[in-house]
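**Student:** Every number in our numbering is 810 more than the matching position in the sequence shown, counting from 1. For each residue, glycine too, the CB sits at the ideal point set by N, CA and C. Quick caveat, the model's predicted, so the values are computed rather than measured. Here's a structure for you.
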Amino acid sequence: MGEIRKAVQFDRTGNPSDVVEVVNLETSPVGPGDALIEVDAATINPSHLLTLQGDYGIQPDLPAVPGAEGIGTIKEIGKEVSNFQVGDLVMIPPYTGTWRQQVVVPADRIVVKFPSTGDAVQMAMLMANPPTAWLLLKTVIDLQPGDWVIQNAANSAVGQYVMQLAKIYGFHTVNVMRRDNLNEFVEEAGGDVCVVGGAGLSERVKTATNNAEIRLAIDAIAGESTQHLAECLTENGTIANYGLLSGSPCQLSPNEIIFRNISLRGVWLTQWLRGRDSTTEIRKTVYDELRSYIVDGRLHVKVDATYPLDQVKNAVAHAMRDGRNGKVVLLPNA
């Protein structure tokens, strides 16, 4: 018999803050190859909200514990586990339901161990958004130092990581925002140019970059924003779409596709984690690189608020709020 601990659960989909409930769940027994992890911090990401709404690309069987990302401390290991010990701070394996106080996982699925000192909230965000930014910059086209990239939703977590990684790799970024008072935000994140989105974007980008050639656009919004990005690209450019914040399909005119050979492709971290264009060794190497950047402070995102597990309804409502200034993170054992 495992311990009875608190967890968030949902047994139907709908408005996220309505469908989540805090319940008492029995923690699974620790098997010979398992590790019992006490969850220190777990993020609330757009993918989690889409899952609660029933709109994500993969949906769990219900009832389920949400949360695909987090960090925790190992409290117990099985007798066959030799590469971890009690007290290790680790990244919780993806899609294990991290919105809870404790979780038991196969130890061989743990791929990242953190130093015992550091910002647990920042480290908790390693699993999803940093590798998404890495995939967008490193796998879509062959970018070289000095190349330009344009992205929308630049004040999102992925957007901030894109700016920071681009600076590390020597790329320049055009960062499209909905408001015109975010230049300081972009500068602090390592971005080069900040412009306001909407109609006429391409002219504003030309002016801001002195007519720089841009071959890659990163699209988190879809809808008409996809077309606006396409108009900023040079011929044969590529749009990488990884989000649907507008709730509308990507719009791309035949003129862009036929006459300028603009291409559109999707990027989904889940497929990479499952092994598409990756191996266990590649994923470990990428996570080790990104972990080092988080530990030394080169990768970091703004955090708007943290919440204890009992306030998950408020936390989810906060995460859905327009205009928030950073991530919302759960602290299950606070």
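Strictly by DSSP, which residues pair up with valine 840?
**Tutor:** Paired residues: none, contrary to the question.
**Student:** Taking the Cβ atom as the reference point for each residue, do lysine 923 and valine 900 lie within a distance shorter than 7 angstroms?
**Tutor:** Cβ atoms of lysine 923 and valine 900: closer than 7 angstroms.
**Student:** Would you report the Cα separation of histidine 1038 and alanine 1032, rounded to the nearest angstrom?
**Tutor:** Those two C-alpha atoms are separated by around 10 angstroms.
**Student:** Starting from valine 1099, follow the alpha helix (DSSP H) in both directions and report where the run begins and ends.
**Tutor:** Reading off the sequence shown, one finds glutamate at residue 1099, where the question assumed valine. Unbroken alpha helix (DSSP H) run through glutamate 1099: 1090–1105.
**Student:** Could you check if aspartate 1002 is buried or exposed, using at least 16 other CB atoms within 10 Å of its CB as the buried criterion?
**Tutor:** Buried.
**Student:** Using the C-alpha atoms, what's the distance from valine 950 back to glutamate 1045?
**Tutor:** Roughly 16 angstroms separates the two Cα atoms.
**Student:** What are the start and end residues of each continuous beta strand (DSSP E) run of 3 or more residues lying completely inside the segment 839–921, in chain order?
**Tutor:** For the segment 839–921, whole beta strand (DSSP E) runs of length 3 or above, ordered along the chain, are 844–854, 880–887, 899–901, 912–916.
**Student:** Give me, in chain order, the residues of the same chain whose beta-carbon lies closer than 6 angstroms to that of alanine 1027; leave out the 5 immediate sequence neighbours on both sides.
**Tutor:** Hits under 6 angstroms: Ile960, Leu1039, Leu1043, Ile1049.
**Student:** Which value, in whole angstroms, describes the spacing of the CA atoms of glycine 888 and proline 839?
**Tutor:** Rounded to the nearest angstrom, the two C-alpha atoms are 10 angstroms apart.
**Student:** Tell me the DSSP secondary structure of phenylalanine 995 in three-state form.
**Tutor:** The answer is helix: DSSP assigns phenylalanine 995 an H, G or I state.
**Student:** Please confirm whether alanine 852 and glycine 880 have their CB atoms less than 7 angstroms apart.
**Tutor:** Cβ distance < 7 angstroms, so alanine 852 and glycine 880 count as in contact.
**Student:** Rounded to whole angstroms, what's the CA-CA distance from valine 915 to leucine 1062? Just pull it up for me.
**Tutor:** Their Cα atoms are separated by approximately 43 angstroms.
**Student:** Return the Cβ separation of leucine 1176 and alanine 976 in integer angstroms, given the expectation that the two are a contact with Cβ distance under 8 angstroms.
**Tutor:** The requested residue 1176 is not part of the displayed model; the chain covers only 811 to 1144.
**Student:** Do the segment 822–833 and the segment 855–873 make contact, defined as three or more Cβ pairs closer than 8 angstroms?
**Tutor:** Flag = yes, the segment 822–833 and the segment 855–873 touch.
**Student:** For isoleucine 960, report the span of its beta strand (DSSP E) as first-last.
**Tutor:** Here the beta strand (DSSP E) through isoleucine 960 covers 958–961.
**Student:** Just to confirm, are valine 830 and lysine 816 a CB contact at a threshold of 7 angstroms?
**Tutor:** Contact flag unset, no.
**Student:** Excluding the five sequence neighbours on either side, which residues of its own chain have a C-beta within less than 7 angstroms of the C-beta of phenylalanine 995, listed in chain order?
**Tutor:** Result list for phenylalanine 995: Asn965, in chain order.
**Student:** How would you label aspartate 1029, buried or exposed, when you count the other beta carbons within 10 angstroms and need 16 or more for buried?
**Tutor:** So aspartate 1029 counts as buried.
**Student:** Taking the alpha-carbon of asparagine 939 as reference, which of Val896, Asp1114, Ala878 has the nearest alpha-carbon?
**Tutor:** That would be Ala878, whose Cα lies nearest to the Cα of asparagine 939.
**Student:** State buried or exposed for glutamate 1066, treating a residue as buried only when at least 16 other CB atoms are found within 10 Å of its CB.
**Tutor:** Classification for glutamate 1066: buried.
**Student:** Between which two residues does the alpha helix (DSSP H) harbouring histidine 1038 extend?
**Tutor:** Counting along the chain, the alpha helix (DSSP H) containing histidine 1038 begins and ends at 1034–1040.
**Student:** Compare the beta carbon distance of tyrosine 1103 and leucine 1140 with 7 angstroms and say whether it is the shorter of the two.
**Tutor:** Not a contact, by the Cβ cut-off of 7 angstroms.
**Student:** Excluding sequence positions up to five away, which residues of its chain have a Cβ less than 7 angstroms from the Cβ of threonine 906?
**Tutor:** For threonine 906, where only same-chain residues beyond five positions count, the Cβ hits under 7 angstroms are Val913, Val915.
**Student:** Confirm, please, whether the CB-CB distance from isoleucine 1024 to tryptophan 958 is below 7 angstroms.
**Tutor:** For tryptophan 958 and isoleucine 1024, yes; Cβs fall inside 7 angstroms.
**Student:** With DSSP run on the structure shown, which of helix, strand or coil describes methionine 937?
**Tutor:** Three-state DSSP puts methionine 937 in coil, outside helix and strand.
**Student:** Quick check on aspartate 828: buried or exposed, where buried means 16 or more other Cβ atoms within 10 Å of its Cβ?
**Tutor:** Aspartate 828 is exposed by the Cβ-count criterion.
**Student:** Alpha carbon to alpha carbon, how far is alanine 1127 from valine 849?
**Tutor:** Cα to Cα, alanine 1127 sits roughly 21 angstroms from valine 849.
**Student:** Would valine 1138 and alanine 1129 qualify as a contact pair, given that the criterion is a beta-carbon distance under 7 angstroms?
**Tutor:** Taking 7 angstroms as the Cβ cut-off, valine 1138 and alanine 1129 qualify as a contacting pair.
**Student:** Does DSSP put proline 1059 in a helix, a strand or coil?
**Tutor:** The answer is coil: DSSP assigns proline 1059 none of H, G, I, E or B.
**Student:** Our contact map puts cysteine 1004 next to threonine 1036 with C-beta atoms below 8 angstroms; I'd like the distance itself, whole angstroms only.
**Tutor:** Contact doesn't hold; Cβ gap of about 20 angstroms is too wide.
**Student:** Please list, in chain order, all residues of the same chain as histidine 1110 whose beta carbon is under 6 angstroms from its beta carbon, the five residues on each side excluded.
**Tutor:** Gln932.
**Student:** What separation, rounded to the nearest whole angstrom, lies between the Cα atoms of asparagine 1135 and alanine 1115?
**Tutor:** Rounded to whole angstroms, asparagine 1135 to alanine 1115 spans 9 angstroms at the Cα level.
**Student:** Just list the residues that DSSP pairs proline 1064 with in beta bridges.
**Tutor:** DSSP output for proline 1064 lists no bridge partner at all.
**Student:** Near valine 1006, what residues of its chain come up, given a Cβ to Cβ distance below 8 angstroms and the 5 sequence neighbours on each side ignored?
**Tutor:** So the list reads Val986, Met987, Arg988, Arg989, Asp990, Arg1014, once near-sequence residues are dropped.
**Student:** Going along the chain, which residues of its own chain have a beta-carbon closer than 6 angstroms to the beta-carbon of phenylalanine 981, five neighbours each way excluded?
**Tutor:** Excluding sequence neighbours, phenylalanine 981 sits near Leu953, Asp957, Val959.
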